[in-house]
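Only one structure is covered here, and it is reproduced in the block below.
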Amino acid sequence: MAIRLSTTGLVADNGDFTHSLLNFLDCVLRGVGQVMLQGNSYAGLLFLVGIFCNSPLFGLGALLGTGASTATAMMLGTDRGQVRAGLFGFNGGLVAIALLYFLEPDALTWGCVIFAAACSTIMMAGIASLMGNWKLPALTAPFVLTSLCFFLATARFGRIESTDLLPTAGLPKAVTVEGVVTASTVVDGLFNGIAQVFFQGNVITGILFVAGLLISSRAACIAALAGSLTGLLVAWGMGAAEPAIRAGAFGYNSVLVAIALGGQFFVPGRASAAYAVFATIATALVFAAVSASLEPLGLPALTLPFVLVTWLFLLASPAFACLQRKTT
Amino acid sequence: MAIRLSTTGLVADNGDFTHSLLNFLDCVLRGVGQVMLQGNSYAGLLFLVGIFCNSPLFGLGALLGTGASTATAMMLGTDRGQVRAGLFGFNGGLVAIALLYFLEPDALTWGCVIFAAACSTIMMAGIASLMGNWKLPALTAPFVLTSLCFFLATARFGRIESTDLLPTAGLPKAVTVEGVVTASTVVDGLFNGIAQVFFQGNVITGILFVAGLLISSRAACIAALAGSLTGLLVAWGMGAAEPAIRAGAFGYNSVLVAIALGGQFFVPGRASAAYAVFATIATALVFAAVSASLEPLGLPALTLPFVLVTWLFLLASPAFACLQRKTT
Amino acid sequence: MAIRLSTTGLVADNGDFTHSLLNFLDCVLRGVGQVMLQGNSYAGLLFLVGIFCNSPLFGLGALLGTGASTATAMMLGTDRGQVRAGLFGFNGGLVAIALLYFLEPDALTWGCVIFAAACSTIMMAGIASLMGNWKLPALTAPFVLTSLCFFLATARFGRIESTDLLPTAGLPKAVTVEGVVTASTVVDGLFNGIAQVFFQGNVITGILFVAGLLISSRAACIAALAGSLTGLLVAWGMGAAEPAIRAGAFGYNSVLVAIALGGQFFVPGRASAAYAVFATIATALVFAAVSASLEPLGLPALTLPFVLVTWLFLLASPAFACLQRKTT
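Protein chains in written order, with my numbering: chain V, 2 to 329; chain D, 2 to 329; chain W, 2 to 329.
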């Protein structure tokens with residue numbers, strides 16, 4: 002079977018739906034790519050390989066979740082172009098990974114994964130409509146809200162058991178300057194920070210994600226590395242715990258902010274680069290704040306800091322004459 | 002005295018204000034009806050009878066609260082049509098019931114009830130203006146926010162004493178599959194779920210509410226029963242505690258969502274019915290999530306899940322070609 | 002050096018930037034004035050004197066913070082008129098005071114103060130754009146959100162130490178009617194309530210603030226006194242603790258609401274005065290509610306109640322025929 006290749010996807014968008022399965026697979030891979038704001042199925046494929054390297058369970062979950070949310074969008078008659086670009090898939094994929102990370106994977110949990118992925122599609126349409134008022138994208142807000150809602154709900158239901166493996170579980174409650182940050186902390190933290198975008202604490206996975214970004218956009222790849230490093234350095238400078246720095250906990254939100262603000266939304270230049278660096282530094286602090294405020298409810302920060310910081314810096318940008326937003 | 006009858010109200014809206022007391026009473030009864038989205042004073046009357054059956058205190062409170070918020074709206078010069086439809090009454094009525102439920106009913110509390118009902122009118126105008134941007138109705142958000150604000154405030158004030166009777170008090174903190182769900186659980190839970198829309202845990206009250214809905218709209222009546230049943234079944238399937246299921250705790254938000262999305266806002270059809278069922282199921286989970294997140298502050302979920310789910314599904318709907326919103 | 006005098010500022014806005022340092026100082030003083038909604042550098046100067054009277058540390062902080070956020074706005078190319086009016090300064094000044102109040106003032110903290118003040122400028126532009134949709138001003142929301150974010154973040158970082166001196170620390174958790182309210186409580190509370198707008202618990206400071214307001218606007222001065230008194234009386238009537246009443250804890254948000262709604266935004270008249278009084282009473286309750294809800298996270302209410310109440314009453318106002326908003 003010959004796979005037809007387009008520049009950014011497995012299948013050329015030639016308007017017909019003869020190869021509907023391949024088309025669907027292409028949507029799903031682009032959906033996985035969109036987690037890092039890359040509507041590119043090759044990047045998505047490499048991200049998926051990276052996840053499978055760390056854990057086949059999460060890899061399967063990501064495929065199932067992205068598929069379920071994409072299929073829901075198709076059934077509801079959502080705009081075909083947006084579905085093709087993977088915009089109705091990435092939140093479902095992330096929801097699936099988060100639920101499988103947090104809950105014991107029995108039959109009811111797999112049912113919840115599919116239902117939650119479908120919910121993320123409604124959430125995507127709702128938040129896009131809400132924020133569209135200010136020309137803001139939904140980003141991963143549908144994933145964050147859907148996941149937090151399910152995590153909270155399980156506390157009321159006796160048939161769902163949690164794994165006690167929340168992403169922030171490694172962060173101690175009262176922090177003293179703890180452990181010594183060495184070169185190995187920095188290298189591990191750099192790649193773990195990128196891997197944690199999909200909640201994978203694995204250096205190899207991080208390297209595969211970097212490769213995926215390189216295929217899709219060199220600028221995004223550099224931004225991701227710079228973002229992860231900035232988050233790590235801010236956390237180190239402020240005296241965060243070494244294990245959290247090594248695990249990439251302070252990096253993944255900065256990675257996403259760096260990709261989004263450093264090239265995706267603004268015309269490149271000195272001012273927009275400085276703006277993005279400022280945002281990346283702030284993200285490390287916002288991550289600390291969001292995770293501290295959600296911890297009493299037993300909830301992880303997920304990518305909420307990325308969403309909040311990116312929305313804020315996009316909202317503010319029209320007031321600043323030195324910045325120019327890309328026309329899309 | 003002959004009461005003139007219009008099709009949906011005690012008094013025909015003939016533009017004059019000669020029978021101003023009767024007119025006011027009509028506004029109040031429609032206000033009570035609007036709690037279930039029925040601008041119908043006969044439905045409101047039956048709802049009121051149902052509340053009095055369970056507790057004369059709450060019945061009086063509902064009348065006083067609906068009256069106080071309606072009167073405030075009139076004094077501030079609010080649009081007469083909206084006041085006539087009861088849209089500035091229902092939040093005040095609910096606020097009054099909630100405050101009387103939660104606080105010891107002494108003179109200061111009755112003063113708070115009137116002040117809170119008046120606040121709910123400001124809140125109604127504010128939230129309607131806020132959400133009007135997306136053509137979303139305020140629903141019971143003014144009631145929820147006003148009540149939660151008063152519950153929180155009482156913690157600071159020595160002269161107000163709480164009754165320790167929060168609606169969610171029956172839900173245990175750590176849930177194990179508890180108690181056996183029998184046919185009597187299902188029947189009690191079905192009608193309690195409808196009665197809990199006004200925070201009345203009473204099967205007879207629930208049956209009177211069903212009768213009220215039947216007078217106003219057969220579709221709303223069916224939706225309410227289906228919504229209560231769905232919420233109950235989801236809670237049962239997920240392993241919620243039997244006493245909470247019997248009390249209708251997982252039902253009342255689903256009842257309201259079912260009435261709103263199953264006929265009120267969308268052109269009826271297969272797609273909109275499926276959309277409403279999906280929303281009703283999600284509501285049971287959102288109720289669990291909202292109540293778990295508010296519990297640490299000692300706050301009940303009230304009808305916040307209904308507001309959030311209905312807003313989300315209305316916001317999302319324009320993205321889905323298979324749904325058509327009613328033009329109003 | 003002769004200081005040229007304009008009616009409301011140290012330097013006439015003659016369009017050139019020859020006296021740029023004086024111009025900058027003028028922006029900073031107006032920024033300090035804007036904390037009480039007065040774009041008047043003489044008022045700002047008196048407010049600053051009042052702060053220095055209570056604490057030179059906070060005085061320096063206010064100058065530095067206002068300067069840093071104003072400078073950030075200039076560097077980013079923000080609209081010159083808004084910067085001149087002090088609109089990009091007041092949040093930075095408040096952020097600086099709040100951080101110095103809460104954190105031990107070592108080198109890292111001073112670095113955080115400057116970074117946080119710069120963040121408040123982005124936040125100002127973002128919130129102004131967000132709320133501009135409803136023609137609502139940002140008020141002190143940028144200050145509140147930036148400060149709360151930094152307070153939360155410090156919990157994760159070992160190098161920052163808190164002073165355990167949060168503004169609400171004086172409020173006991175479970176309140177009984179405590180202490181006897183005397184004439185001295187009322188007098189102290191009245192002026193402390195005005196001083197607390199800048200988080201200064203000092204009667205002399207409060208009197209200097211009143212003098213500053215008198216220079217700028219007699220109406221604002223009367224509103225501030227009336228607001229402080231109303232907040233105090235509501236708290237007393239509801240049975241709040243005497244030390245909190247004396248400290249002005251229930252006053253400062255009511256002061257700001259009274260200035261904003263009693264003259265700033267509405268055409269003066271009987272209806273708008275009643276509306277403002279209603280809002281001022283509600284503010285004391287909202288302060289109690291907000292501080293109760295933030296306390297579990299170890300966070301103070303700051304001026305969040307002022308922001309929420311003012312937004313709500315402005316949002317609601319178009320629905321009420323008896324109120325007329327000023328055209329600006």
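All C-beta atoms, glycine included, are put in the ideal place defined by N, C-alpha and C.
**Message:** Would G78/V and F279/D qualify as a contact pair, given that the criterion is a beta-carbon distance under 8 angstroms?
**Reply:** In the first sequence, residue 78/V corresponds to position 77, counting from 1. In the second sequence, residue 279/D corresponds to position 278, counting from 1. Result no, Cβ atoms of G78/V and F279/D do not sit closer than 8 angstroms.
**Message:** Quick test of your reading: I161/W and M239/V, contact by CB under 8 angstroms. State the CB separation rounded to the nearest angstrom.
**Reply:** Indexing the third sequence from 1 puts residue 161/W at position 160. Indexing the first sequence from 1 puts residue 239/V at position 238. Going by Cβ atoms, the distance from I161/W to M239/V rounds to 7 angstroms, so yes, they are a contact pair.
**Prompt:** Is V235/W near G194/W, with beta carbons less than 8 angstroms apart?
**Reply:** The count along the third sequence starts at 1 and reaches residue 235/W at position 234. The count along the third sequence starts at 1 and reaches residue 194/W at position 193. No. Outside cutoff.
**Item:** chain W contact residues for L153/V, given Cβ-Cβ distances below 9 angstroms
**Value:** Translated into the one-based positions of the first sequence, residue 153/V becomes position 152. Result: empty, since nearest Cβ-Cβ is about 16 angstroms, beyond 9 angstroms.
**Request:** Identify the contact partners of M124/W in chain V, using a Cβ-Cβ distance below 9 angstroms as the criterion.
**Result:** One-based indexing of the third sequence puts residue 124/W at position 123. Near M124/W (Cβ distances below 9 angstroms), the residues of chain V are L313, A317.
**Prompt:** For R160/W, which three-state DSSP category applies?
**Reply:** Here residue 160/W refers to the residue found at position 159 of the third sequence. Note: R160/W maps to coil in three-state DSSP.
**Item:** Where N134/W meets chain D, residues with beta-carbon distance less than 9 angstroms
**Value:** The residue you call residue 134/W lines up with position 133 of the third sequence. What N134/W touches in chain D: N134.
**Request:** Find the nearest neighbour of Q325/W within the set P269/W, W312/W, T304/W, judged by alpha-carbon distance.
**Result:** Translated into the one-based positions of the third sequence, residue 325/W becomes position 324. Of P269/W, W312/W, T304/W, the residue nearest in Cα terms is P269/W.
**Request:** Spell out whether any CB of chain V is found under 8 angstroms from the CB atom of L131/W.
**Result:** As a position in the third sequence, residue 131/W is number 130, starting the count at 1. At least one chain V Cβ lies under 8 angstroms of L131/W.
**Asked** Going by the beta-carbon positions, is the gap between S163/V and L104/V smaller than 8 angstroms?
**Response** Counting from one through the first sequence, the residue named residue 163/V turns up at place 162. Counting from one through the first sequence, the residue named residue 104/V turns up at place 103. Cβ atoms of S163/V and L104/V: closer than 8 angstroms.
**CA-to-CA distance, A293/V to A221/W, given in whole angstroms** = Position 220 of the third sequence, counting from 1, holds the residue named residue 221/W. Position 292 of the first sequence, counting from 1, holds the residue named residue 293/V. Cα-Cα distance, rounded: 39 angstroms.
**Item:** Residue of I223/W, P143/W, L38/W minimising C-alpha distance to A274/W
**Value:** Position 273 of the third sequence, counting from 1, holds the residue named residue 274/W. When only C-alpha atoms are compared, the closest one is I223/W.
**Asked** From the DSSP output, which residues share a beta bridge with F200/V?
**Response** The residue labelled residue 200/V in the question sits at position 199 within the first sequence. None, per the DSSP bridge assignment.
**Asked** Since G62/W meets chain D, which of its residues come closer than 9 angstroms, beta carbon to beta carbon?
**Response** Your numbering for residue 62/W matches position 61 in the third sequence. Residues of chain D passing the Cβ test: none, with the nearest at roughly 29 angstroms.
**Asked** Checking contacts by CB at 8 angstroms: is L298/D closer than that to chain W?
**Response** Position 297 of the second sequence, counted from the start, is the residue given in the question as residue 298/D. Yes, its Cβ sits closer than 8 angstroms to a Cβ of chain W.
**Item:** Close Cβ partners of L46/D (< 6 angstroms) along its chain, the five nearest in sequence each way excluded
**Value:** Numbered from 1 along the second sequence, position 45 holds the residue referred to as residue 46/D. Same-chain partners within the cutoff: L30.
**Message:** Our contact map puts A289/D next to R157/V with C-beta atoms below 8 angstroms; I'd like the distance itself, whole angstroms only.
**Reply:** What you label residue 289/D is simply residue 288 of the second sequence in a count that begins at 1. What you label residue 157/V is simply residue 156 of the first sequence in a count that begins at 1. That pair is a contact at about 4 angstroms.
**Asked** If we cut at 8 angstroms on Cβ distances, does A224/V have a partner in chain W?
**Response** On the first sequence, residue 224/V is found 223 positions in, with the first residue counted as 1. So, not an interface residue.
**Message:** Is the beta carbon of N55/W closer than 8 angstroms to that of T206/W?
**Reply:** The residue you call residue 206/W lines up with position 205 of the third sequence. The residue you call residue 55/W lines up with position 54 of the third sequence. Contact: yes.
**Item:** From A317/D, K327/D, F200/D, C323/D, residue whose alpha carbon lies closest to that of M124/V
**Value:** Taking the first sequence and counting its residues from 1, one reaches residue 124/V at position 123. Cα-wise, what sits closest to M124/V is A317/D.
**Message:** If distances are taken between C-alpha atoms only, which option among G213/V, D189/V, G93/V comes closest to G202/V?
**Reply:** Here residue 202/V refers to the residue found at position 201 when the first sequence is read from its first residue. For G202/V, the nearest C-alpha among the options comes from D189/V.
**Asked** Taking only runs of the alpha helix (DSSP H) that begin and end inside the stretch 251 to 315 of chain W, which ones reach a length of at least 4 residues, in chain order?
**Response** 253 to 260, 271 to 295
**Asked** What is the rounded straight-line gap between the Cα of L58/V and the Cα of T110/V?
**Response** As a working note, residue 58/V is residue 57 in the first sequence. As a working note, residue 110/V is residue 109 in the first sequence. Approximately 13 angstroms, taken between the alpha carbons.
**Message:** Can you tell me which residues form a DSSP beta bridge with R326/W?
**Reply:** Position 325 of the third sequence, counted from the start, is the residue given in the question as residue 326/W. Partner(s): F267/W.
**Prompt:** Under three-state DSSP, which class holds L23/V?
**Reply:** Mapped onto the first sequence, residue 23/V falls at position 22. Note: L23/V maps to helix in three-state DSSP.
**Prompt:** V308/W to T141/W, Cα distance in whole Å?
**Reply:** For the purposes of this step, residue 308/W is taken as the residue at position 307 of the third sequence. For the purposes of this step, residue 141/W is taken as the residue at position 140 of the third sequence. Between V308/W and T141/W, the C-alpha separation is close to 7 angstroms.
**Asked** Does any CB atom of chain W fall closer than 8 angstroms to the CB of F266/V?
**Response** Walking along the first sequence from the start, residue 266/V turns up at place 265. No - not a single Cβ of chain W is within 8 angstroms of the one on F266/V.
**Message:** List, in chain order, every chain D residue whose beta-carbon is nearer than 7 angstroms to that of F307/W.
**Reply:** If you number the third sequence from 1, residue 307/W lands on position 306. Per Cβ cutoff of 7 angstroms: no residues; F307/W is ~15 angstroms from chain D at best.
**Asked** Helix, strand or coil for L38/D per DSSP?
**Response** By one-based count along the second sequence, residue 38/D stands at place 37. Correct three-state label for L38/D: coil.
**Request:** Grab the span of the alpha helix (DSSP H) containing W237/V for me, first residue to last.
**Result:** Start at 1 with the first residue of the first sequence, and residue 237/V comes out as number 236. Taken as a continuous stretch (DSSP letters only), the alpha helix (DSSP H) holding W237/V covers 219 to 239.
**Message:** I'd like to check one pair, G51/W with A210/W: are the Cβ atoms closer than 8 angstroms?
**Reply:** Residue mapping note: residue 210/W aligns to position 209 of the third sequence, counting from 1. Residue mapping note: residue 51/W aligns to position 50 of the third sequence, counting from 1. Correcting the residue type first, residue 210/W is Phe in the shown sequence and not Ala. In this structure, G51/W lies closer than 8 angstroms to F210/W by Cβ.
**Request:** Give me whichever residues DSSP pairs with L104/D in a beta bridge.
**Result:** Here residue 104/D corresponds to residue number 103 of the second sequence, with the count starting at 1. DSSP lists S163/D as partners of L104/D.
**Prompt:** By DSSP, does P319/W sit in helix, in strand, or in coil?
**Reply:** Looking up residue 319/W in the third sequence gives position 318. If DSSP states are grouped into helix, strand and coil, P319/W belongs with the helices.
**Request:** Could you check what DSSP says for N92/V in three-state terms: helix, strand or coil?
**Result:** Locating residue 92/V in the first sequence gives position 91, where the first residue counts as 1. Helix, per DSSP.
**Inter-residue spacing [alpha-carbon to alpha-carbon] between F91/W and G252/W** = Taking the third sequence and counting its residues from 1, one reaches residue 91/W at position 90. Taking the third sequence and counting its residues from 1, one reaches residue 252/W at position 251. So the alpha carbons of these two residues sit roughly 20 angstroms apart.
**Request:** Measuring only between beta-carbons, confirm whether T328/D sits less than 8 angstroms from chain V.
**Result:** Taking the first residue of the second sequence as position 1, residue 328/D is located at position 327. With 8 angstroms as the cut-off, T328/D does not count as an interface residue toward chain V.
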